[in-house]
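*Asks:* My structure is below; once you've seen it, I'll send some questions.
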Amino acid sequence: MEADTIAAISTPIGEGAIAIVRLSGPEATEIANGLFQGVSLTSVDSHTIHYGKIIDPSTNEVAEEVMVTVMKGPRTFTREDVVEINCHGGLASVNRLLELVLYQGARMAEPGEFTKRAFLNGRIDLSQAEAVMDLIRAKTDKAMNVALKQMDGRLSNLIARLRQELLETVAHVEVNIDYPEYDDVEEMSHQMLIEKTRHVYSEIERLLEMAKQGKILREGLATAIIGRPNVGKSSLLNALVQENKAIVTDIPGTTRDVIEEYVNIRGVPLRLVDTAGIRETEDIVERIGVERSRQVLKESDLILLVLNNNSELTEEDILLFQAVEGLEVIVIVNKTDLDQKIDLDKVKQLAENQKVITTALIEEKGIDELEQAIADTFFEGELDVGDLTYVSNVRHIQLLKQSLQSLSDAMHGIEEGMPIDLVQIDVTRTWELLGEIIGDAVHESLIDQLFSQFCLGK
Ligand code: GDP
Ligand code: ZN
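Residue numbers (the UniProt record's numbering): 1 to 458.
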């Protein structure tokens, strides 16, 4: 079926002031030309920009002043003819523009349809298409960088390389089986086979390792603020967010609404949760015991444990310390503007390897130090942000895990002296699973489902 021409509002990332109506398909230029007063768009060179006016054909009135970019396929994102109409007006003007374009015969694009076309026309592979999706959703600069890298095909290249290795192995084995008399081809020994598979195995493992960090970058470090009532948890959240979205009150335990905030602390994305959950962590230890609260708190990537400088350490404080032992914790001694009643030596002793920061949140003191401590905590690990190229996508992670499983089956088979052509089945299966990541041999319904998650106009 010949593709029709689609249109949607598409605002470029990071450029709020300009709105774009984008067209893609065989009629793109003609449709735009039917509305355009200026040069004849159908006779201009590809990849050129033209100033002119959009005329409403029903009234012959000037609707907008625009810049129109004409790009002929296949050197475009979708590989089809693409026209972008840039207008500086607000939402109303861009909506009007879209209406006119639809009136001229374009069809409203489904969410993700531009990217879907790019994929179907072989312009990008599936993991790149998914990266476009991640990019749109990215909440922090770093998450955006990861998506950008995936978009430029780094994951695809690595996966392709691993598949190639597997394919060569399989082919080698096949030659050995089919042409046993063929002396030029070295016999693929069990030893060689196991070395090859082991290598691919460790590469996949590495990808999965990085996936966890990718998740952090994309979703933010899950950060829990815990402490007794009234020590300043909500104040801390507010200080970090620098907007008064969480309710701060004098009455203990009045933060009721579930509030999730994303903050970017010196390049580290945090997902802060100040919820009933925090109130839970106020009495969580008493309620469910140290061991079980540990399990709950373990789900956090970072814990900010708040203490009150103006009060002696209580039994509750000590239980909290026990509950967070061994986890990533920063201890915050707040209210240093008030008399010191807390035993700081004792705190340091309880904190052992954890950082201790003192703050007077009410006077906005100590926040810099805290932010530095958060950044250090994150970067001190072997987390190399420059290397965070790869996986941050749930579907990819699942496929990688399955690949790992079938490779491990293959390796077991080899070790147990299974016939090599049986082992090969698992290796081939791994090759297929990896192929699904980049969209080789994926089912059409999956494609539809993936692209339907996109925003409109992408
Ligand atoms: P939460 O119950 O742990 O969330 O504590 P809040 O953030 O709601 O703070 C409880 C009370 O302590 C509020 O009245 C805050 O204004 C106050 N507070 C917070 N930080 C400080 C501080 O550094 N110094 C003083 N004096 N009061 C503070
Ligand atoms: Zn609170």
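For each residue, glycine too, the CB sits at the ideal point set by N, CA and C.
Comparing alpha-carbon positions, which option in Arg123, Leu158 and Leu35 lies nearest Leu434?
*Replies:* Nearest C-alpha to Leu434: Leu158.
*Asks:* With distances taken Cα to Cα, identify the nearest neighbour of Val347 among Val331, Arg271 and Arg96.
*Replies:* Ranking Val331, Arg271 and Arg96 by Cα distance to Val347 puts Val331 first.
*Asks:* What three-state label does DSSP hand Asn308 in the structure shown?
*Replies:* Looking at Asn308 - three-state DSSP - the assignment turns out to be strand.
*Asks:* Nearest CA to the CA of residue 533: which residue from Gln340, His199 and Arg271?
*Replies:* Look at the range of the chain in this structure, 1 to 458, and you will see that residue 533 is not part of it.
*Asks:* Just how far apart, CA to CA, sit Thr5 and Asp81?
*Replies:* For Thr5 and Asp81, the distance between alpha carbons rounds to 9 Å.
*Asks:* Which same chain residues end up closer than 8 Å to Lys298 when comparing Cβ atoms and leaving out the 5 residues on each side of it in sequence?
*Replies:* Closer than 8 Å at the Cβ level, and outside the excluded window around Lys298, lie Leu327.
*Asks:* Looking at C-alpha atoms only, which residue of Asn121, Leu98 and Leu155 is the closest neighbour of Met210?
*Replies:* When each option's Cα is compared against that of Met210, the closest is Leu155.
*Asks:* Where does Ala55 fall in DSSP's three states?
*Replies:* Looking at the sequence itself, residue 55 is Ile, so the reference to Ala does not match. Correct three-state label for Ile55: strand.
*Asks:* Between which two residues does the alpha helix (DSSP H) harbouring Glu30 extend?
*Replies:* Looking at the DSSP string, the run of the alpha helix (DSSP H) that includes Glu30 is Ala28 to Asn33.
*Asks:* Below 8 Å on the Cβ atoms is my contact criterion, and I expect Ser406 with Arg429 to pass it. Report the Cβ-Cβ distance as a whole number of Å.
*Replies:* The pair is a contact, with the Cβ atoms about 5 Å apart (cut-off 8 Å).
*Asks:* Could you give the distance in angstroms between the alpha-carbon of Gln402 and the alpha-carbon of Tyr103?
*Replies:* For Gln402 and Tyr103, the distance between alpha carbons rounds to 48 Å.
*Asks:* Over the uninterrupted alpha helix (DSSP H) stretch that includes Glu61, give me the two end residues.
*Replies:* From DSSP, Glu61 is part of no alpha helix (DSSP H) but of the beta strand (DSSP E) over Glu61 to Met71.
*Asks:* Taking just the CA atoms, how far does Ala109 sit from Arg22?
*Replies:* So the alpha carbons of these two residues sit roughly 10 Å apart.
*Asks:* Taking the straight line between their C-alpha atoms, what separation do you get for Ala7 and Asn121?
*Replies:* Cα to Cα, Ala7 sits roughly 17 Å from Asn121.
*Asks:* Measure the C-alpha to C-alpha separation of Leu338 and Asp301 and round it to an integer number of angstroms.
*Replies:* Rounded to whole angstroms, Leu338 to Asp301 spans 31 Å at the Cα level.
*Asks:* What's the call for Tyr51, buried or exposed, on a 16-neighbour Cβ count within 10 Å?
*Replies:* Its Cβ having fewer than 16 others within 10 Å, Tyr51 is exposed.
*Asks:* Can you have a look at Gly366 and say buried or exposed, based on whether 16 or more other CB atoms are within 10 angstroms of its CB?
*Replies:* The residue in question, Gly366, is buried, as its Cβ has 16 or more Cβ neighbours within 10 Å.
*Asks:* Have a look at the DSSP bridge pairing and note the partners of Ala360.
*Replies:* Ala360 pairs with Lys365.
*Asks:* Which same chain residues end up closer than 7 Å to Gln340 when comparing Cβ atoms and leaving out the 5 residues on each side of it in sequence?
*Replies:* Excluding positions up to five away in sequence, the list reads Asn309.
*Asks:* Thr314: beta carbon under 7 Å from a heavy atom of ligand 1?
*Replies:* It does not: the Cβ of Thr314 is nowhere closer than 7 Å to a heavy atom of ligand 1.
*Asks:* With DSSP collapsed to three states, give me the class of Met418.
*Replies:* Of the three classes helix, strand and coil, the one that applies to Met418 here is coil, per DSSP.
*Asks:* Shortest alpha-carbon distance to Glu325 belongs to which of Ile303, Ile55 and Ile342?
*Replies:* Comparing Cα-Cα distances from Glu325 to each of Ile303, Ile55 and Ile342, the minimum goes to Ile303.
*Asks:* Using only the alpha-carbon positions, how far apart do Asn230 and Asp376 sit?
*Replies:* For Asn230 and Asp376, the distance between alpha carbons rounds to 27 Å.
*Asks:* Who are the Cβ neighbours of Leu404 in its own chain at under 6 Å, not counting the five residues just before and after it?
*Replies:* Excluding positions up to five away in sequence, the list reads Ile204.
*Asks:* For Asp165 and Lys196, I'd like the C-alpha separation in whole angstroms.
*Replies:* The question names Asp, but residue 165 in the sequence shown is Glu. Their backbone Cα atoms lie some 8 Å apart in a straight line.
*Asks:* Tell me whether Ile374 sits in a helix, a strand or coil according to DSSP, three-state version.
*Replies:* In the structure shown, Ile374 sits in a helix (DSSP, three-state: H, G or I).
*Asks:* Given 7 Å as the limit, tell me if Leu207 has its C-beta closer than that to any heavy atom belonging to ligand 1.
*Replies:* No; taking the cut-off as 7 Å, the Cβ of Leu207 has no heavy atom of ligand 1 nearer than that.
*Asks:* Bridge partners of Glu159, per DSSP?
*Replies:* Checking the sequence, you will find Ile at residue 159 rather than Glu. Ile159 pairs with nothing; no bridge assigned.
*Asks:* From which residue to which residue does the alpha helix (DSSP H) around Ala118 run?
*Replies:* From DSSP, the alpha helix (DSSP H) with Ala118 extends over Glu113 to Leu120.
*Asks:* Can you tell me whether Asn334 is helix, strand or coil according to DSSP?
*Replies:* Reduced to three states, the DSSP call for Asn334 is strand.
*Asks:* Just to check, is the beta-carbon of Lys341 closer than 7 Å to a non-hydrogen atom of ligand 1?
*Replies:* Checking the Cβ of Lys341 against ligand 1 gives no.
*Asks:* In terms of residues, what are the limits of the alpha helix (DSSP H) holding Ser235?
*Replies:* Where Ser235 is concerned, the enclosing alpha helix (DSSP H) stretches over Lys233 to Val241.
*Asks:* In terms of residue numbering, what span does the beta strand (DSSP E) encompassing Leu23 cover?
*Replies:* Segment Ala19 to Ser24, the beta strand (DSSP E) holding Leu23.
*Asks:* Between Val427 and Leu240, what straight-line distance do the alpha-carbon atoms span, to the nearest angstrom?
*Replies:* Distance between the alpha carbons of Val427 and Leu240 is about 49 Å.
*Asks:* Starting from Ile225, trace the beta strand (DSSP E) in both directions and tell me its first and last residue.
*Replies:* Here the beta strand (DSSP E) through Ile225 covers Leu221 to Gly227.
*Asks:* Please work out which residues of its chain come closer than 7 Å, Cβ to Cβ, to Asp317, disregarding the five sequence neighbours upstream and downstream, and give them in chain order.
*Replies:* Once the five neighbours on either side are set aside, the close Cβ partners of Asp317 are Arg228 and Leu307.
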